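Chains as they are written, first to last, in the numbering used here: chain A, 1 to 372; chain B, 1001 to 1098.
Positions of the beta carbon are idealized from the N, C-alpha and C atoms, including for glycine.
As the structure is a computational prediction, the values presented were derived from the model and not from experiment.
In what follows, a single structure is set out as C-alpha cells and then discussed.
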C-alpha cells in the first residue's frame, strides 16, 4: 500500500515507536504522578521533550491529552465564559473546534463568527483585523494550517492582532506540530492544542494542551489524580489540574521515542514539500487542484471531472492500493471557499517518509484513471 | 436467508445510504453481462485492477471486477423501497449464476 493520509494520522511512525509502546505494555506499570521507585519518570521525559520542541520554559504548562479534539474541548469548555462573550473563529476549522463552539452557542454561553478564508483556505490578515474590530471577541480560535489544503496561517501575526484587541488566543496546531516550528510562548499564544499521532509521528491516543500561566481553565474532567486524594477539589496546579484519570502511559512512552528520534533527525520541511510539488506538477494537468501559495504543510486537495471524490478514493484504494482521504475531511465550512462541490475533495497528504517512487506511482495512477 | 452479506458503510454525509455487499461469488463477466442488460454498465479495464460502475434504477453500484465485494449507494429517501427491490434482483442474478 502507498500511504497518502498523513494529515489524518501518520504512517509509518518514527522508528522505534511501536517497540517502545510494546515495551511499555509489557513492563510493570508505574504509579503515575507519584514519586516511586518504579518507572514513572518516562512520562515526564516526554513532557520535557515536548517543552523543548515548543520552546516552552515550564513543561508543567503542557497537559497530556488523548488527542487534539480532547485538548480543544478541555480549552473551549473549560474557558471561564462570561455572559455576552463572543468568539472569532474561521471557516477552515476542523469539527474539533466548530462542534464545541456550536454546542456552547446552543447552550447560550457564547456567540461566534466564522471568518471567511481565501480560495486556498488561508485567513486573510485584513479580514482578521476587520473582524476583530467588528466583533471585539473575548476568544479567538483558529487552525495553524488547514487540514484540507495545507495552507498555513501566520499564527504569530494573527495572535499579535488578536492580543492587541484584548482577545485570548487558542491555536489548533494539529496539522503543524512536528512539521513546522510552533512556539506558543514566544508567539504569546494563550492555549495551544496539538496531537501526537500526525507529524509528531507518535501513536494515536496522544496529544496535549499548552496553557499559559495567565489562563486558569475550569476542569472539564475531574477525578483521580494519584495525589491529594484527600481533597474534594482537583489539584490547582498544572498539568495535573487537567489530567484526571489514568494516563495513556504506553502511548506517551512511544511519543517520547518519536520525539527523541525527531530531535536526532530534524525534519527539513522543504524536502517534504519538494515531493509534494512534484506530485502537484504531475497531476495538475488532469485534476482541479486547490492552489496553495506560500507556507504550507504537505497536504493537497483536488477534484476530478467525471468522478466524485468518494469514487476517486475507492478507485485509488481498491485499484491502485493508494490510501487517501475523500469528502469533507471533518472541515465542512471551508468547502464553499475552495470552489468545490458539496461532495468535498480528494486529499493526498505526504510525510517525511514519502518517497519519489510513491509520488510517481500516484501520478501514474491518476493519469491512468483519466485516460479512458 | 440472503446469500450475500450487506453492511452499511458510513462516510462524511449524514444522509448517505451506502452499503457494502460481500457476495458468495466473484463478480465475473457473466454477472457483469446481466448488469449490462439491466442497467448502465461502465467498465474501466485499463485500471490496474479493472473497475466497474453500474447504474440501475438510480442505484449506483461499483467495485473491482473479479472481486466478491461491491459498494451500493441508494439515493436519500429511496433506500427503504429500492434496497428491498435491489436485493431481490441481486439474489436472482446470483442464483442464476450458480
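Item, Value
"Would you say residue 1059/B reaches chain A, if we count a Cβ-Cβ gap shorter than 8 Å as a contact?", "no"
"If I'm right that residue 115/A touches residue 133/A with Cβ under 8 Å, what's the distance once you round it to whole angstroms?", "Incorrect: roughly 12 Å between the Cβ atoms, too far for contact."
"Classify residue 369/A as buried or exposed, calling it buried when 16 or more other Cβ atoms lie within 10 Å of its own Cβ.", "buried"
"Just checking my contact of residue 24/A with residue 250/A at CB under 8 Å: how many whole Å lie between their CB atoms?", "4 Å"
"In the DSSP assignment, find the unbroken beta strand (DSSP E) run with residue 218/A in it and report its ends.", "No beta strand (DSSP E) holds residue 218/A; DSSP gives it neither H nor E."
"Which residue marks the beginning of the alpha helix (DSSP H) containing residue 240/A, and which one marks its end?", "Note, residue 240/A: premise wrong, no alpha helix (DSSP H); not H, not E."
"Spell out whether any CB of chain B is found under 8 Å from the CB atom of residue 318/A.", "yes"
"Using a Cβ-Cβ cut-off of 8 Å, state whether residue 111/A counts as contacting chain B.", "no"
"Please list, in chain order, the residues of the stretch 323-345 of chain A that have any C-beta partner in chain B closer than 9 Å.", "326, 327, 328, 329, 330, 332, 342, 343, 344"
"Answer yes or no: does any C-beta atom of chain A fall closer than 8 Å to that of residue 1051/B?", "yes"
"In the structure shown, what three-state DSSP assignment does residue 106/A receive?", "helix"
"When the cut-off is 8 Å and only beta carbons count, does residue 1006/B lie next to chain A?", "no"
"Since residue 371/A meets chain B, which of its residues come closer than 9 Å, beta carbon to beta carbon?", "1046"
"Here's the rule I'm using: 16 or more other beta-carbon atoms within 10 Å means buried, otherwise exposed. How should residue 1047/B be labelled?", "buried"
"Hey, does residue 305/A have any beta-carbon neighbour from chain B nearer than 8 Å?", "no"
"How is the beta strand (DSSP E) around residue 343/A delimited, first residue to last?", "It is not in any beta strand (DSSP E) - residue 343/A carries neither H nor E in the DSSP assignment."
"Do the stretch 61-69 of chain A and the stretch 274-292 of chain A meet, that is, are 3 or more Cβ pairs less than 8 Å apart?", "no"
"Would you say residue 1064/B faces chain A, with C-beta separation under 8 Å as the test?", "yes"
"Which residue comes first and which comes last in the beta strand (DSSP E) that contains residue 1020/B?", "1017-1022"
"Measure the alpha-carbon distance for residue 37/A versus residue 62/A and round it to whole angstroms.", "Here residue 37/A scores only 48 on pLDDT, less than 50, and its place in the model should not be relied on; the value that follows carries that caveat. About 24 Å."
"Where residue 330/A and residue 89/A are concerned, what is the direct C-alpha to C-alpha distance, given to the nearest angstrom?", "16 Å"
"State yes or no: is the beta carbon of residue 367/A nearer than 8 Å to at least one beta carbon in chain B?", "no"
"Taking the alpha carbon of residue 286/A as the point to measure from, which residue in 367/A, 352/A, 311/A has its own alpha carbon closest?", "367/A"
"Chain A partners of residue 1071/B, CB-CB under 7 Å?", "314"
"Residue 1015/B touches chain A at which residues, Cβ-Cβ below 8 Å?", "Within chain A, no residue comes near residue 1015/B; the closest Cβ sits about 11 Å away, beyond 8 Å."
"Spatial neighbours of residue 105/A within its chain, please: C-beta separation below 7 Å, excluding the five flanking residues on both sides.", "111, 112"
"Closer than 8 Å, CB to CB, is residue 1034/B near chain A or not?", "no"
"Could you tell me whether the Cβ atoms of residue 304/A and residue 288/A are closer together than 8 Å?", "yes"
"Verify whether the separation of the beta carbon atoms of residue 267/A and residue 345/A is less than 8 Å.", "no"
"Residues of the stretch 279-313 of chain A in Cβ contact with chain B at a cutoff of 8 Å, in chain order, please.", "310, 311"
"Applying the 10 Å Cβ sphere with the 16-neighbour rule, what's the burial state of residue 124/A?", "exposed"
"Rounded C-beta distance between residue 334/A and residue 173/A? I'm assuming under 8 Å.", "Actually they are not in contact, since the Cβ atoms of residue 334/A and residue 173/A sit about 17 Å apart, beyond 8 Å."
"How long is the line joining the alpha carbons of residue 185/A and residue 52/A, rounded to whole angstroms?", "11 Å"
"For the candidate residues 1059/B, 1049/B, 1019/B, 1066/B, whose alpha-carbon lies nearest to that of residue 1040/B?", "1059/B"
"Identify, in the order they occur along the chain, each residue of the same chain with its Cβ nearer than 8 Å to the Cβ of residue 293/A, setting aside the five sequence neighbours on each side.", "120"
"In whole angstroms, what is the alpha-carbon distance linking residue 154/A and residue 177/A?", "14 Å"
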